[in-house]
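2 protein chains.
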Amino acid sequence: MKPVKIRPRRPELWDEQRISLRTVERLSTYRRVLEDLNGAGVEHVYSHQLAKAVGVTPAQLRRDLSHFGTFGSTARGYNVIALIRAISADLGTDRVQNVVLIGLGNLGRTLLSYNNFEDRGFHIAAVFDIDADKCGKIFAGRRCYHMDELEQVVSGLEATVAILATRRTGVDQLVTRLARLGINGILNFVPKALVSPPGMFIEDVDISSKLEKLSFLAKNVPRDEALPDLQE
Amino acid sequence: MKPVKIRPRRPELWDEQRISLRTVERLSTYRRVLEDLNGAGVEHVYSHQLAKAVGVTPAQLRRDLSHFGTFGSTARGYNVIALIRAISADLGTDRVQNVVLIGLGNLGRTLLSYNNFEDRGFHIAAVFDIDADKCGKIFAGRRCYHMDELEQVVSGLEATVAILATRRTGVDQLVTRLARLGINGILNFVPKALVSPPGMFIEDVDISSKLEKLSFLAKNVPRDEALPDLQE
DNA sequence: AGTTGTGAAAGGGTTCACAGCT
DNA sequence: AGCTGTGAACCCTTTCACAACT
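As given, the protein sequences belong to chains A and B, one line each in that order.
Per the numbering used here, the first sequence starts with residue 510, numbered consecutively.
Per the numbering used here, the second sequence starts with residue 510, numbered consecutively.
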């Protein structure tokens, strides 16, 4: 995975500031664990404590954070709330973002009623399906629109991310349609390798693939090789 | 991500055969795309063709495959069916595997009726929930068992992988219970950093985290930096 | 004494480029 | 001519280890 050149908040770092996407992924988990600590009333945490709780090395945690600024104090470690705020700001989840959901099958409806999204700063603002029977009906408080209304509805939402939970047929055209609407990130549940237009980021969620990985490990890795800290 | 020492099928390669887990993950997608090609009647494929279809470089594809044997012919490239068989054998999905599903909320029920698992060689052989109201009832053809029956039911299944779709409370104890039952792989949908007993592999599926990654990219990456081939 | 942030080193993964083959 | 499989080079990521600090 190539690192990505980011647009830093402080212009003096503009040139050649590169962040690994792995670092970004870990930021999510850091924040989630920090929320737990905060809920438990913890105010300050040392890198080795937080690192243990998320399953990384202290050095990696400190390195990851150092890309975004210096948050720690030598005496007390990291202020939990301040660090949550800082990570949220970097991820862009410090304000609620509208996302669009396409496909209201079993999976789509489950995602729609998945509270975790709202908790983490994402609001499913509109839902779409091709099935005319579903359109007009209300699902988890949202009226379902027909795919034909996509352009019209989405343009008013300022959404940049779409969740794809449709069947395989026609997804490629759908992706280009979304790109034209200003969507530049897709969370893809369709088990198919999408062709991504320039400027579009696609994150695949392939659950079967994870099962296959586990199957491989169960089959090939001797018990004593399996380390407790194996992380993704 | 550390590479993993595997138990090679050919003993002459025993010492120091190491496979990157990234390679294993890609194997899944190779196979999926190969199935498509096979369905379209394609018999042979060159590395550059297959690589383009899955979104990796030809060199990487060849390198990945080379860890498991030599499958290609200089003249005709790779035989599609033979390669599917070889990858399936390596992943361990050449025979159907029983898996266990724990938690029958919205998500659990969706996973239960998700055909993709069966298509890819995984059979959900038993489902469990704590809710006494659900137990005894039939969901997608499977009787729901109570968590108390876990030991009794699972021991007869020869399952090595469990899918966790429960609430957060009590998951850690659940993981150790599963470990004692011979489960050594967990597909975890619970948004919590699990502590993994020795010998246990845990794959987290954190959908919100992927949204956060997309949010970061949308916010920080200049349009012209977003490459069409950005893969995970 | 014990922590953070970070140069430098080590380790791991990807790509290059070509020998060997058809 | 054009492919595969692979040593070697390159690049990216993680870890080490320590100066600066409280």
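Glycine included, C-beta positions come from ideal geometry on N, C-alpha and C.
Bear in mind the structure is a predicted one, so any value in this text is a computation, not a measurement.
Rounded straight-line distance, which links the Cα of residue j to that of residue i
{"i": "D599/B", "j": "F698/B", "result": "25 angstroms"}
{"i": "I647/A", "j": "D638/A", "result": "12 angstroms"}
{"i": "R676/B", "j": "L690/A", "result": "37 angstroms"}
{"i": "S751/A", "j": "L592/B", "result": "Here chain A covers residues 510 to 741 and nothing more, so residue 751/A does not appear."}
{"i": "H632/B", "j": "V636/A", "result": "31 angstroms"}
{"i": "A668/B", "j": "G614/B", "result": "22 angstroms"}
{"i": "K728/A", "j": "G601/B", "result": "7 angstroms"}
{"i": "A584/A", "j": "F626/A", "result": "35 angstroms"}
{"i": "L543/A", "j": "V533/A", "result": "15 angstroms"}
{"i": "Q661/A", "j": "S575/B", "result": "49 angstroms"}
{"i": "G564/A", "j": "Q569/B", "result": "29 angstroms"}
{"i": "S718/B", "j": "A641/A", "result": "32 angstroms"}
{"i": "I716/A", "j": "S597/A", "result": "27 angstroms"}
{"i": "L536/B", "j": "R531/A", "result": "20 angstroms"}
{"i": "Y623/B", "j": "G578/A", "result": "43 angstroms"}
{"i": "D628/A", "j": "G550/B", "result": "46 angstroms"}
{"i": "G612/B", "j": "V554/A", "result": "33 angstroms"}
{"i": "E721/B", "j": "G548/B", "result": "36 angstroms"}
{"i": "A562/B", "j": "E658/A", "result": "31 angstroms"}
{"i": "G586/B", "j": "G586/A", "result": "56 angstroms"}
Nearest to residue i (by Cα), restricted to the options the options
{"i": "Q682/B", "options": "S705/B, T566/B, Y539/B, E534/B", "result": "S705/B"}
{"i": "A595/A", "options": "F580/A, V608/A, G586/A", "result": "F580/A"}
{"i": "V663/B", "options": "V680/B, N693/B, G650/B, T678/B", "result": "N693/B"}
{"i": "M656/B", "options": "L621/B, V684/B, V565/B, G650/B", "result": "V684/B"}
{"i": "G679/A", "options": "G578/A, A649/A, L703/A", "result": "L703/A"}
{"i": "L726/A", "options": "M709/B, K722/B, R541/B", "result": "M709/B"}
{"i": "D573/A", "options": "N547/A, D603/A, A649/A, T538/A", "result": "T538/A"}
{"i": "R541/B", "options": "G550/A, L720/A, P700/A", "result": "P700/A"}
Residues of its chain near residue i, where Cβ-Cβ distance is below 7 angstroms and the 5 sequence neighbours each way are ignored
{"i": "P567/A", "result": "S556, H557, A560"}
{"i": "N607/B", "result": "H632, A634, L666, E667, A668"}
{"i": "C644/A", "result": "D638, C653, Y654, H655"}
{"i": "L546/B", "result": "V554, V589"}
{"i": "E741/A", "result": "At E741/A, the pLDDT of 39 sits below 50, so the modelled position is not reliable; the number obtained from the coordinates is stated separately. No residues qualify anywhere along the chain."}
Cut-off 6 angstroms between Cβ atoms - residues of its own chain near residue i, not counting five sequence neighbours on either side
{"i": "V714/B", "result": "F698"}
{"i": "L696/B", "result": "I672, E712"}
{"i": "R686/A", "result": "none"}
{"i": "S529/A", "result": "P512"}
{"i": "R651/B", "result": "V636"}
Which residues DSSP lists as bridging residue i, in chain order
{"i": "Y539/A", "result": "Answer is none; Y539/A lacks a bridge partner."}
{"i": "I611/A", "result": "F637/A, L673/A"}
{"i": "S582/B", "result": "G586/B"}
{"i": "Q606/A", "result": "F631/A"}
{"i": "E534/B", "result": "None, per the DSSP bridge assignment."}
{"i": "H553/B", "result": "N588/B"}
{"i": "H576/B", "result": "In DSSP, H576/B forms no bridge with anything."}
{"i": "F710/A", "result": "G694/A"}
{"i": "I593/B", "result": "For I593/B, which the question treats as bridged, DSSP gives no partner whatsoever."}
{"i": "V513/A", "result": "I528/A"}
{"i": "R651/A", "result": "F648/A"}
Chain-order list of residues whose beta-carbon lies under 8 angstroms from that of residue i (same chain, five-residue window excluded)
{"i": "L610/B", "result": "G617, L620, L621, I633, A635, V636, F637, A671, I672, A674"}
{"i": "E552/A", "result": "N588, V589, I590"}
{"i": "R571/A", "result": "S556, G581"}
{"i": "R604/A", "result": "G630"}
{"i": "A688/B", "result": "P706, G708, M709"}
{"i": "A649/A", "result": "R618, L621, S622"}
{"i": "V730/B", "result": "none"}
Near the ligand FMN: residue i beta-carbon under 8 angstroms from a heavy atom
{"i": "L600/A", "result": "Absence of the ligand FMN is noted for the structure shown, with no ligands found whatsoever."}
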